[in-house]
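Residue numbers for the sequence shown follow the working numbering, so the first one is -8 and each next one is one higher.
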Amino acid sequence: MTRLVYLIGEPGAGKSTTMAALTARCDRIGRRAPFAHDLLVRSREVVAVELGRRRARFPGTDALALSVEPSARSWLPSSPVPLVLAEGDRLATAGFLGAAEAVGFAPTLVWCRPPAEVAAQRRRARGSAHEPSWVRGRTTKARRLAALAEARGWPVITDACTDAPQEIGARLAARVPELEALT
-8 MTRLVYLIGE
2 PGAGKSTTMA
12 ALTARCDRIG
22 RRAPFAHDLL
32 VRSREVVAVE
42 LGRRRARFPG
52 TDALALSVEP
62 SARSWLPSSP
72 VPLVLAEGDR
82 LATAGFLGAA
92 EAVGFAPTLV
102 WCRPPAEVAA
112 QRRRARGSAH
122 EPSWVRGRTT
132 KARRLAALAE
142 ARGWPVITDA
152 CTDAPQEIGA
162 RLAARVPELE
172 ALT
């Protein structure tokens, strides 16, 4: 089975930090075509793919072009390994997740859901100046995507993402066995 693990949540929820912790023990081989993604390597074996690009500001799928979804959908059947990871807003859509399921992926959402004041403090600490209405929109999008996933029978793992990133990663690996390949 091919597993797509997608981290969702409002800005400052801990998506990027959690993904960095999950993939910290992997080497990366960057690919640019048909869109930016990294092959994740453990013991000289590609064990997963992370969509998007790791970078200091707006990593993950937020590093991709606004028009990436058609290319990403077309790429899904050619994934070289049975574990695909993503975080960020760009591909967190019902259309992308549904397309993944249609070609044999089992989507799993991880909803990073810290208290609102924790997410706000994280945004301030990194110097983000998101408009409150935009943050509310992203929060609403995550909530609706989680509800859609549950309605379709896809697992949704909710985590406050307030513990040490390594602890969060260990909890997620315990819930999603495919993530063990990253350790």
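We treat Cβ as the ideally placed atom computed from N, Cα and C, and that holds for glycine.
According to the DSSP assignment, V126 belongs to no beta strand (DSSP E) but to the alpha helix (DSSP H) extending over 123 to 143. The beta-carbon separation of S69 and F26, rounded to 12 Å, does not stay under the 8 Å limit for a contact. A straight line joining the alpha-carbon of C152 with that of T130 spans about 15 Å.
Pairing D29 with R45 gives a Cβ-Cβ distance under 8 Å.
Between the region 132 to 147 and the region 84 to 100, the count of Cβ pairs shorter than 8 Å is three or higher; the stretches touch.
With a beta-carbon spacing of about 7 Å, A110 and P2 fall inside the 8 Å limit used to define contacts.
Checking the DSSP bridge columns, you'll see I(-1) partnered with W102. Going by beta carbons, A4 and R81 fall outside the 8 Å limit. Distances from the CA of G0 to each of E122, A12, R127, L57 were compared; the closest alpha carbon is that of R127.
Residue burial annotation: S7 is buried, with at least 16 other C-beta atoms found within 10 angstroms of its C-beta. Here the C-alpha atom of V38 lies approximately 11 Å from the C-alpha atom of L76.
Secondary structure of T(-7) (DSSP, three-state): strand.
With respect to the 8 Å criterion, E122 and G86 are not classified as neighbours on the basis of their beta carbons. In this structure P156 does not touch A54 by the C-beta definition: roughly 19 Å separates them, more than the 8 Å allowed. According to the DSSP secondary-structure assignment, F26 is paired through a beta bridge with no residue.
Rounded to the nearest whole angstrom, the CA to CA distance from L173 to V40 is 11 Å. Annotation for V32: C17, D18, R19, I20, V38 place their beta carbon closer than 8 Å to its own, counting only its chain and skipping 5 residues before and after.
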